[in-house]
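Asker: So the sequence shown is numbered by this note's numbering: it starts at 1 and just counts up by one.
Cβ coordinates follow ideal geometry from the N, Cα and C atoms, glycine included.
Bear in mind that the values here come from a model prediction, so they are computed numbers and not experimental data.
Dropping a structure here in structure tokens format, bear with me for questions.
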Amino acid sequence: MSLSPTGAHAAAGAPAGAPAALGGGPVGSVRGPRLVSRLPDGKMGEFALGAKTTLGRHPANSIRIADREVSKEHASIERVGNSFLLRDLGSSNGTFVNGRRVRELRLREGDEISLGNSRLVFHGGDGSGGAAAGVTVVATAQSAPAFLAQLDQAASNEFRPVDQLTDNQAVRQDYEKLRIAHEFHRQVGVERDLKSLLDKILKVSFQLLGADNGVVFLKDQKSGDLVPQAVLHRKPSDDEVAISETVLNRVVETRQAVLTADAILDSRFSSSESIVAQGIRSAMAVPLLTKGEMKGVLFIDTRERTNAFSEKDLKILSGIASQAAIALENAELAQKIEVEAVTRAELSRFLSPKVAELVVTGQVELLRQGRLAEVSVLFADIRGFTSMSENEDPQETVSMLNAFFTAMANVVFRHEGNLDKFIGDCVMAMWGPPQQHVDDAARALRCALEMQREVEALNQARVEVGKLPIQVGIGVNTGQAVVGYMGSTERHEYTAIGDSVNLASRLCSVAKGGEVVASDSTVRKAGQGFLVEQLPMAQVKGKEKAVATFRVVGLEQTNVGPG
């Protein structure tokens, strides 16, 4: 059995059951967070930990462990803030830390991880990896928890009509629900930051109930696992909060609040320390439910005295959980609205408002990766811009460009095109993904003609204040191009690249001021309705053969509009 780094094969001929060794792993000083194991020659091998490290028998794992006792995808170690969270991935033989089987655990300096016959020691490096108090979900408890009471969450939060309140006890119960709701909203208010919201949920629980430790688990949307997101201790403590997996499973499966009592285990499960129970702990775990959806679990416990919590306390915590679930849903909705607003503003820079709305609402999907598609591409360029800018004040030049770009963008959006980019004094637009139309080529030509009319309107305003008019040449081509987000991870844009895009740019350079020059493919696909004049075959840069071009001079039917 051997261990090896990403994708490497295990050492040949290693006998089953042999001591764990790093085969081909890095040896020497790895300063950051890492796992350390001993090589067959006695040297220490080290594996640096990234954002997520997987361990298992399959070669695709970050660290491959060639051991029949280890599952193909056995465990993972994921960075969470300044800590590292170890998760068992449903392995057959379990993941052990310091001799104790765990489902998930926030690692601390010196923790020994055992997978099959392999032993790896965790080192945080530079103080990272264990600053915050963590949570241990124990796969097999030292003593099975005793379920003292269960409460249906939905029923516990219902208010009865006044004619059904037949005794003082019923009135007192409903008053208690109102008191909890009032206290919760007084402290939590309209908190939208998730971390702050979770901390306040725990603080309200501690104020209304005599708890020593509290944990909020939230359901991971991808894996469906419960992940501890917030931890609170009444007294400063470095101990882990040990929680039985059986308790969590009971809450998830029944969707009921539970009151339990179980033995408190040694916090680090060290083989060199006693694992004898330190006492009896009272604990409560309640589901966070909204509209029938399980969002997580709220857990609190106390070690001060046996049977510290009662069924009344369970009802109080259920009331807190009910309010907390609503607050979490509101925070999610607020965040979603904020993200959508930012996304809509971002998309509106290059998509028409209608298409941007379709993308935001999920009816149309942007191509996150480049894909071959048919597009109609338009370039509009100001003629003689260099000499014009040399003779004008820089501020006047910028003002002219802003007016030109604004007018051109508005025309593109009216014809439901995508504003690709501004290049110096040139506008690039395209029709195609994310929302293609059967008449995209015709839309592009109608847009080009309207652009020239907008330029005439701009020039009229310029001449009236004693400025020179501008001349714009426009080129349009239709063909296949790669469309999607392109660029670096830090800076990228939604664009199209390919020979068809280059040809549109070349046609723009051929067009004279006030002209619209289109390729043969665009004119054919646009169909009837346009007045065109065939031009001599054009020899353009990048093409061995001359290309057929047409001057588009107007519309046959003046009542044809965009869309």
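Would you call GLU544 buried or exposed, if buried means 16 or more other Cβ atoms sit within 10 Å of its Cβ?
Answerer: Against the sequence shown, residue 544 aligns to sequence position 544. Exposed, because fewer than 16 other Cβ atoms sit within 10 Å of the Cβ of GLU544.
Asker: According to DSSP, which residues form a beta bridge with VAL241?
Answerer: For this step, residue 241 is matched to residue 241 along the sequence shown. In DSSP, VAL241 forms a bridge with VAL135.
Asker: May I have a chain-ordered list of the alpha helix (DSSP H) segments no shorter than 4 residues that lie completely inside the segment 465-519?
Answerer: Counting whole runs of 4 or more residues, the segment 465-519 contains the alpha helix (DSSP H) stretches 499-510.
Asker: With DSSP as the reference, label LEU209 as helix, strand or coil.
Answerer: Start at 1 with the first residue of the sequence shown, and residue 209 comes out as number 209. DSSP places LEU209 in coil when its eight states are reduced to three.
Asker: Near ALA481, what residues of its chain come up, given a Cβ to Cβ distance below 6 angstroms and the 5 sequence neighbours on each side ignored?
Answerer: Counting from one through the sequence shown, the residue named residue 481 turns up at place 481. VAL375, ALA496, GLY498, SER500, VAL501.
Asker: Look up VAL411 in the DSSP assignment and say whether it is helix, strand or coil.
Answerer: Here residue 411 refers to the residue found at position 411 of the sequence shown. If DSSP states are grouped into helix, strand and coil, VAL411 belongs with the helices.
Asker: So the alpha helix (DSSP H) SER389 belongs to, where does it begin and stop?
Answerer: As a first step, residue 389 must be located in the sequence shown, where it is residue number 389. 385-391 is the span of the alpha helix (DSSP H), which, as asked, contains SER389.
Asker: First and last residue of the beta strand (DSSP E) that includes ALA230?
Answerer: The residue you call residue 230 lines up with position 230 of the sequence shown. Here the beta strand (DSSP E) through ALA230 covers 226-233.
Asker: Check PRO394 in the structure and name its three-state DSSP category.
Answerer: In the sequence shown, counting from the first residue as 1, residue 394 sits at position 394. Helix.
Asker: Please classify ARG186: is it buried, with 16 or more other beta-carbons within 10 angstroms of its beta-carbon, or exposed?
Answerer: The sequence position of residue 186 within the sequence shown is 186, counting from 1. The residue in question, ARG186, is exposed, as its Cβ has fewer than 16 Cβ neighbours within 10 Å.
Asker: In three-state DSSP terms, what is HIS58?
Answerer: Counting from 1 along the sequence shown, the entry for residue 58 is found at position 58. Here HIS58 sits in coil by DSSP.
Asker: Between ARG537 and the rest of its own chain, which residues show a CB-CB distance below 8 angstroms, the 5 nearest in sequence each way excluded?
Answerer: Here the question's residue 537 lines up with position 537 in the sequence shown. As written in the sequence, residue 537 is Met, which differs from the Arg given in the question. Hits under 8 angstroms: ALA546, VAL547, ALA548, THR549.
Asker: Quick check: what's the CA-CA separation for ALA324 versus HIS74?
Answerer: Taking the first residue of the sequence shown as 1, we reach residue 324 at position 324. Taking the first residue of the sequence shown as 1, we reach residue 74 at position 74. Going from the Cα of ALA324 to the Cα of HIS74 covers about 34 angstroms.
Asker: Return the chain-ordered list of same chain residues with a C-beta closer than 6 angstroms to the C-beta of VAL472, the five sequence neighbours on each side being excluded.
Answerer: Along the sequence shown, one-based indexing puts residue 472 at 472. These residues qualify, in order along the chain: ALA380, ILE382, VAL455.
Asker: According to DSSP, simplified to helix, strand and coil, what is LEU151?
Answerer: To locate residue 151, count along the sequence shown from 1; it is residue 151. Correct three-state label for LEU151: strand.
Asker: According to DSSP, simplified to helix, strand and coil, what is VAL80?
Answerer: Residue numbering aside, residue 80 sits at position 80 when the sequence shown is read from its first letter. Here VAL80 sits in strand by DSSP.
Asker: Taking DSSP as the reference, what is the three-state secondary structure of THR254?
Answerer: Taking the sequence shown and counting its residues from 1, the one referred to as residue 254 is at position 254. Three-state DSSP puts THR254 in a helix.
Asker: Buried or exposed: ALA461, going by 16 or more other Cβ atoms within 10 Å of its Cβ?
Answerer: In the sequence shown, residue 461 corresponds to position 461, counting from 1. Exposed, because fewer than 16 other Cβ atoms sit within 10 Å of the Cβ of ALA461.
Asker: On the criterion of 16 or more Cβ atoms from any shown chain inside 10 Å, does GLU464 qualify as buried, or is it exposed?
Answerer: In the sequence shown, residue 464 corresponds to position 464, counting from 1. That one is exposed.
Asker: Does DSSP put LEU535 in a helix, in a strand, or in coil?
Answerer: On the sequence shown, position 535 is the one that residue 535 refers to. Three-state DSSP puts LEU535 in coil, outside helix and strand.
Asker: Run through DSSP, which three-state label would ASP420 get?
Answerer: Within the sequence shown, residue 420 is the residue found at index 420, counting from 1. Three-state DSSP puts ASP420 in a strand.
Asker: Quick check: LEU531 and LEU507, are their CB atoms within less than 8 angstroms of each other?
Answerer: One-based indexing of the sequence shown puts residue 531 at position 531. One-based indexing of the sequence shown puts residue 507 at position 507. Not in contact: LEU531 and LEU507 (Cβ atoms no closer than 8 angstroms).
Asker: With which residues is SER282 paired in a DSSP beta bridge?
Answerer: The count along the sequence shown starts at 1 and reaches residue 282 at position 282. Answer is ALA261, THR302, bridged to SER282.
Asker: So who's on the other strand from VAL375, going by DSSP bridges?
Answerer: Counting from one through the sequence shown, the residue named residue 375 turns up at place 375. Partner(s): GLY479.
Asker: Rounded to whole angstroms, how far is the Cβ of ASP445 from the Cβ of VAL476, which I believe are closer than 8 angstroms?
Answerer: Taking the sequence shown and counting its residues from 1, one reaches residue 445 at position 445. Taking the sequence shown and counting its residues from 1, one reaches residue 476 at position 476. The displayed chain sequence assigns Leu, not Asp, to residue 445. Their Cβ separation, rounded to whole angstroms, is 6 angstroms, which keeps LEU445 and VAL476 in contact under 8 angstroms.
Asker: What are the boundary residues of the beta strand (DSSP E) that GLU544 is part of?
Answerer: Counting from one through the sequence shown, the residue named residue 544 turns up at place 544. No beta strand (DSSP E) holds GLU544; DSSP gives it neither H nor E.
Asker: Considering only the alpha carbon of each residue, which of MET388, ALA526, LEU328 lies closest to PHE184?
Answerer: Numbered from its first residue, the sequence shown carries residue 184 at position 184. Of the candidates MET388, ALA526, LEU328, the one whose C-alpha sits nearest the C-alpha of PHE184 is LEU328.
Asker: Please state the DSSP three-state secondary structure of GLY319.
Answerer: As a working note, residue 319 is residue 319 in the sequence shown. Reduced to three states, the DSSP call for GLY319 is helix.
Asker: Who does PRO287 pair with in a DSSP beta bridge?
Answerer: Position 287 of the sequence shown holds residue 287. According to DSSP, which records beta bridges pairwise, PRO287 is partnered with VAL297.
Asker: According to DSSP, is VAL523 helix, strand or coil?
Answerer: Taking the sequence shown and counting its residues from 1, one reaches residue 523 at position 523. Note: VAL523 maps to helix in three-state DSSP.
Asker: How far does the beta strand (DSSP E) with VAL121 in it reach, from first residue to last?
Answerer: Within the sequence shown, residue 121 is the residue found at index 121, counting from 1. Counting along the chain, the beta strand (DSSP E) containing VAL121 begins and ends at 118-123.
Asker: Assuming ALA149 and ASP199 make a contact with CB atoms under 8 angstroms, what is their CB distance in whole Å?
Answerer: For the purposes of this step, residue 149 is taken as the residue at position 149 of the sequence shown. For the purposes of this step, residue 199 is taken as the residue at position 199 of the sequence shown. Their Cβ separation, rounded to whole angstroms, is 28 angstroms, which puts ALA149 and ASP199 out of contact at 8 angstroms.
Asker: Taking the CB atoms as reference points, tell me whether LEU35 and LEU120 lie closer together than 8 angstroms.
Answerer: Your numbering for residue 35 matches position 35 in the sequence shown. Your numbering for residue 120 matches position 120 in the sequence shown. The answer is yes: Cβ separation under 8 angstroms.
Asker: Should SER387 go down as buried or exposed, given a rule of 16 or more other Cβ atoms within 10 Å for buried?
Answerer: On the sequence shown, position 387 is the one that residue 387 refers to. Exposed, by the Cβ-count rule.
Asker: Determine the closest residue to PRO59 out of VAL377, VAL412, LYS72, ASN82, with distance taken between C-alpha atoms.
Answerer: As a working mapping, residue 59 is identified with position 59 in the sequence shown. Of the listed residues, the one whose Cα sits closest to PRO59 is LYS72.
Asker: Per DSSP, which residues does MET430 bridge with? Please list them.
Answerer: Numbered from 1 along the sequence shown, position 430 holds the residue referred to as residue 430. MET430 is bridged to VAL377, ASN418.
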